[in-house]
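Here is the structure we will look at.
There are 2 protein chains.
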Amino acid sequence: MAVAKEVETKDKHIKNLANIVGGAQSILYKKEDLLAYDCDGFTIHRHLPKAVVFPKNTQEVANVVKYCHENNLPFLARGAGTGLSGGAIPLNGEVIISLVRMKRLLSVDLENRRAVVEPGFVNIKLTNSISDKGYYYAPDPSSQYCCTIGGNVAENAGGAHCLKYGVTTNHILGLEVVLPNGEIIEIGKNGILDPPGYDLLGLLTGSEGTLGIVTKITVRILKNPEAKQTVLAYFDKVLDASQAVSDIISAGIVPAALEMMDKIAIEGVEAAAFPVGHPKDIEALLLIEVDGISAGIDEQIHQILQVCKSRNVREVKVAQDEQERARWWANRKTGFGAMGAISPDYLVQDGVIPRSKLPEVLSRINQISEKYGLRIANIFHAGDGNLHPLVLFDARKPGETEKALEAGSACLQVCADVGGSITGEHGVGIEKREEMLFIFNDEEIIAQTDIRDVFNPKNLLNAGKLFPTPGRCVEVKKGMKEVITSSKHKIL
Amino acid sequence: MAVAKEVETKDKHIKNLANIVGGAQSILYKKEDLLAYDCDGFTIHRHLPKAVVFPKNTQEVANVVKYCHENNLPFLARGAGTGLSGGAIPLNGEVIISLVRMKRLLSVDLENRRAVVEPGFVNIKLTNSISDKGYYYAPDPSSQYCCTIGGNVAENAGGAHCLKYGVTTNHILGLEVVLPNGEIIEIGKNGILDPPGYDLLGLLTGSEGTLGIVTKITVRILKNPEAKQTVLAYFDKVLDASQAVSDIISAGIVPAALEMMDKIAIEGVEAAAFPVGHPKDIEALLLIEVDGISAGIDEQIHQILQVCKSRNVREVKVAQDEQERARWWANRKTGFGAMGAISPDYLVQDGVIPRSKLPEVLSRINQISEKYGLRIANIFHAGDGNLHPLVLFDARKPGETEKALEAGSACLQVCADVGGSITGEHGVGIEKREEMLFIFNDEEIIAQTDIRDVFNPKNLLNAGKLFPTPGRCVEVKKGMKEVITSSKHKIL
């Protein structure tokens, strides 16, 4: 093994870690280098890591993990750092294990519809690698041009087309995982559907980096649909748009995507990089995509147009060509970032509601906006009730960040109140730890932390994420206190 | 609480359990009554339970469980007892908690596409209850006319139409669960998609009754497809039939079902209750169903007919009406039982293989058949590579049961060898415990038993299922010995 001569530090852990990953070119440890790793896509909390290492293969990951485990160094894994709930923020001065150098497409098996990738492989590259043969990878988070599939597994990432095709967990057939003690296990070997025993694939997927580090991923790939068509519909009233969503689903159509943007969201995307000329005085637009066999699509588009008309649509049109379709999607997919064009700062939230509650929830979010004096834009994956309230604020104004966080949390409380959930696809991370108590009671949290402790008994791997923090638990919910002080059932 | 005066026993546990469930009409404890509960659909192992109780609600289940937990009585849950791997067999003289009296349909929410049922609710009744409104429940195991949805959750049941629609786990939105200590938790409250935290829904589904007892289930319901069409295709050569399966999938068609039966299976179904006149001299038939929007279906059927012709089909036809379609399906769905018409006994196996390995696997199963001198019929969910070899034998002949079990295990070894799995939908139970080692190594088994121990630390709930037995582990695989004798990592 190469000796890391160039590591200019007396810290023995840094020296040893550098040795494990092959020298100074594979580790960052100086403060100026670490600053880029003090947060992820959730920028409100910032903490410096102890170091960032860049292993090149599973064995190096396992060796780093084993070293941290034996020396009681907190550690966590990081992909592209695009996560929106703070899952990759080194709260405890972790050693960050960056997986960006493990970015190979290892194999593609078209006949059995699967591909094997390393965790640092960028989402969109998979589809790009197989599209000429007529295949694609379905989960399409808006960040797909830079986010990694390893990160997608950690967060169980969704995307606009998950209405029809399901979220990441529905597309994961096998995982190689480095456990927090450095052991390597394989789950769902060879990517076979529904392996026997407990559903460890499902358990690991979406566990937000708290149970293990994924080092190899077998994913399902799909045949390109024969055809797709895309509809854009403008509504004067948001209530009509909501009703149209319900009507489309009730008609038995399962669109590939069914997106909604409200007035403020439209103002944002029209002021940003990809305007398409949406009218500014409408309350909502729907972006609806249908795919499948050509012959069936025309009939579905016809039904969708009928529904929109029956719900007082102002204007509705079908994309005339792939260029137009691509423009509409670029406009939608930059929706979050577009808020930067109309507000100095924004906080994106991620709730889920039953579709039937859409009008009620929108009106309550409006009340929250008024109460806090902050504008809130809404972008929805409307078809599956996944709602993204975007709270606009100005961090330079004293107290406004706190107000924005409170307003975001209040939106999630509304989602929970109507029988929904506090996250559809962005994860809990550090952002929504306390909001877990909107959904789960003590026993239900403990059932989960007990599982974490099986995998991660020293809690060195990504500690402090996903579950409520002790102090806040007591504050938020009575009856947690005993639990928290019991050594068996520590929550953090 | 009613006093169970009529319980004619001095056994204090029986008396106390009777009291908990409301008296003698809700408990069986005499040997002649218990005989009906000494096995399930896997009839090769038989053990008498201590008693069978029939709780009427969640609280009674929790009270029975708490009593067993406190008094160290082994216990397990049972639905209709149709399981095929022995998951409900009381290996340790368990108290059986029968859920057949908890059989209500609690609610249906068409707008948000979900229904809530008790665990003893029979699978087909759900579809029957909502079909007049145009909805259905997708998972359709062949036993759906008598099996319960609670049992389906425990086994993660599949069915012919799971190729397109997924297995049970893809349709479960929420569970109420009695944990092995009697605590009641709710997972996925209100049936919201993708609840935050670890995927406990996925973990519980398919855990074969070893982690908890499900007392309430929120399921997804689907809109009836606008239309369906069914094709029956006869092939002289099984290789051509296999190739047709690959071609159909490669064409980008996702049939609702894509079933194959080989020559011996056809002999069986034609000798049983629902013959449809299949020719007896063909090597294989395919039963293919397509559903969706009417306009798209004709095109798909046309493509399927073309594929069959290009693969030397002898005869191919489309069902002319619902009666003909129903006849074909009745013939297929009685496939297992039909073996009784051509053999005194049969053992059904349940492997999964990559579709591309179908011809190789069939030829190796043929060799196994020759080696053991036992006929093996094959029924497949061919579209997803889920294979059901049916080993025909005569239990009256000394040693033939053992030979059948060995031949069945050898078929699973073949599945594992080609990168497949040892169960697609029937579960591991007691039948395939040892075969788990074809798929998992020590660490991978331990990762699972450690999870079980979190939920089920006394291992009173359904002990001895799903994981290899200690003695056999040592025999089958070196290196397990240390693990087994360690108290922390007991396997059983």
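Taken in order, these protein sequences are the chains called B and V.
At position 55 of the first sequence (counting the first as 1) the number is 55 in the numbering used here, and the numbers step up by one without a gap.
At position 16 of the second sequence (counting the first as 1) the number is 508 in the numbering used here, and the numbers step up by one without a gap.
Ideal placement from N, C-alpha and C gives every residue a C-beta, glycine not left out.
Quick caveat: nothing in here was measured; it's all calculated off a predicted structure.
Among the options, which residue has its Cα nearest to the Cα of residue i?
| i | options | result |
| --- | --- | --- |
| VAL454/B | PRO196/B, ARG332/B, ASN181/B and LYS189/B | ASN181/B |
| ILE248/B | LEU305/B, LEU239/B and ILE130/B | LEU305/B |
| ILE422/B | ALA88/B, GLU431/B and LEU412/B | LEU412/B |
| LEU390/B | VAL108/B, ASP345/B and GLY419/B | ASP345/B |
| LYS548/V | CYS907/V, PRO767/V, GLY666/V and THR707/V | THR707/V |
| GLN59/B | ILE365/B, ILE172/B, LYS125/B and GLU176/B | GLU176/B |
| HIS770/V | GLU807/V, PRO949/V, ASP503/V and LEU929/V | GLU807/V |
| ARG856/V | VAL920/V, CYS907/V, GLN517/V and ILE519/V | CYS907/V |
| LEU568/V | ASN604/V, LEU671/V and ALA787/V | LEU671/V |
| ASN386/B | THR401/B, ASP350/B, CYS146/B and ASP40/B | ASP350/B |
| ASN951/V | ASN564/V, ILE519/V and LEU520/V | ASN564/V |
| VAL853/V | GLY912/V, VAL840/V, PHE546/V and LYS507/V | GLY912/V |
| GLU936/V | VAL53/B, PRO139/B and ASP199/B | ASP199/B |
| GLY683/V | ASN123/B, ALA257/B, GLU400/B and ASP384/B | ASP384/B |
| LYS317/B | PRO398/B, GLN229/B and ALA295/B | GLN229/B |
| GLU431/B | GLY399/B, ILE20/B and LEU347/B | LEU347/B |
| GLY427/B | GLY86/B, GLU6/B, VAL64/B and ASP40/B | GLY86/B |
In chain order, what residues of the same chain have a beta carbon less than 6 angstroms from the beta carbon of residue i, not counting five sequence neighbours either side?
| i | result |
| --- | --- |
| ILE494/B | Here chain B has residues from 1 to 492 only, and residue 494/B is not among them. |
| ALA646/V | GLU700 and GLY701 |
| ILE785/V | GLU718 |
| ARG327/B | VAL276 |
| ALA251/B | GLN303 |
| ALA407/B | ILE368, TYR372, LEU374 and VAL391 |
| LEU358/B | SER242 |
| SER635/V | THR574 |
| CYS39/B | ARG46 and ILE89 |
Taking buried to mean at least 16 other C-beta atoms within 10 Å of its own C-beta, is residue i buried or exposed?
| i | result |
| --- | --- |
| GLN367/B | exposed |
| LEU540/V | exposed |
| ARG396/B | exposed |
| LEU374/B | buried |
| CYS473/B | Any reading at CYS473/B is ruled out, since the residue's pLDDT is 43, under 50, leaving its predicted position unreliable. |
| LYS624/V | Correcting the residue type first, residue 624/V is Asp in the shown sequence and not Lys. Its Cβ having fewer than 16 others within 10 Å, ASP624/V is exposed. |
| LEU598/V | exposed |
| ARG606/V | buried |
| TYR637/V | exposed |
| LEU35/B | exposed |
| ARG596/V | exposed |
| GLU862/V | exposed |
| LYS12/B | exposed |
| ALA765/V | exposed |
| VAL910/V | buried |
| LYS280/B | exposed |
Which same chain residues end up closer than 8 angstroms to residue i when comparing Cβ atoms and leaving out the 5 residues on each side of it in sequence?
| i | result |
| --- | --- |
| ARG803/V | PHE727, ASP732, ALA733, GLN735, ALA736 and ASP739 |
| LEU203/B | LEU211 and ILE451 |
| ILE834/V | ILE756, GLU759, GLY760, ALA763 and LEU884 |
| ILE172/B | VAL153, GLY188, LEU201, THR205, ILE217, THR218, VAL219 and ARG220 |
| ALA257/B | ALA160, HIS161, LEU163, LYS164, LEU287, ILE288, GLU289, HIS381 and GLY383 |
| VAL307/B | ALA244, ASP247, ILE248 and ALA251 |
| LEU110/B | ILE130, LYS133, TYR135 and ILE221 |
| ILE27/B | ALA4, VAL7, ILE14, LEU17, ALA18, VAL21, ALA51, VAL52, VAL53 and PHE54 |
| ILE931/V | ALA908, SER913 and ILE914 |
Suppose the cutoff is 7 angstroms on Cβ atoms and the five residues either side in sequence are ignored; what does the same chain contact list for residue i look like?
| i | result |
| --- | --- |
| PRO119/B | GLY79, LEU99, MET102, THR148, ILE149, GLY150, VAL214, THR215 and ILE217 |
| LYS10/B | none |
| TYR67/B | ASN16, LEU17 and ILE20 |
| PRO238/B | It is worth fixing the name first, because residue 238/B is Val in this sequence and not Pro. Hits under 7 angstroms: ASP262, GLU283, ALA284 and LEU362. |
Less than 8 angstroms between the beta carbons of residue i and residue j, yes or no?
| i | j | result |
| --- | --- | --- |
| ASN112/B | ARG847/V | yes |
| THR893/V | ILE536/V | yes |
| GLY93/B | LYS50/B | yes |
| ALA787/V | MET831/V | no |
| LEU618/V | VAL608/V | no |
Those runs of the alpha helix (DSSP H) which lie wholly inside the region 133-158 of chain B and span at least 4 residues:
Whole alpha helix (DSSP H) segments, 4+ residues: 149-155.
Report the residue ranges of all alpha helix (DSSP H) runs contained in full by the region 848-873 of chain V; include only those spanning at least 4 residues, in chain order.
Annotation note: the region 848-873 of chain V contains the following uninterrupted alpha helix (DSSP H) runs of length 4 or greater, listed N- to C-terminal: 850-864.
At 3 residues or longer, what runs of the beta strand (DSSP E) sit wholly inside the region 589-614 of chain V?
Fully enclosed beta strand (DSSP E) runs of no fewer than 3 residues occupy 597-601 and 606-609 of the region 589-614 of chain V, in order along the chain.
Alpha helix (DSSP H) runs wholly inside the region 823-852 of chain V, at least 4 long, in chain order:
Within the region 823-852 of chain V, the runs of alpha helix (DSSP H) at least 4 residues long that lie entirely inside it are, in chain order, 827-830.
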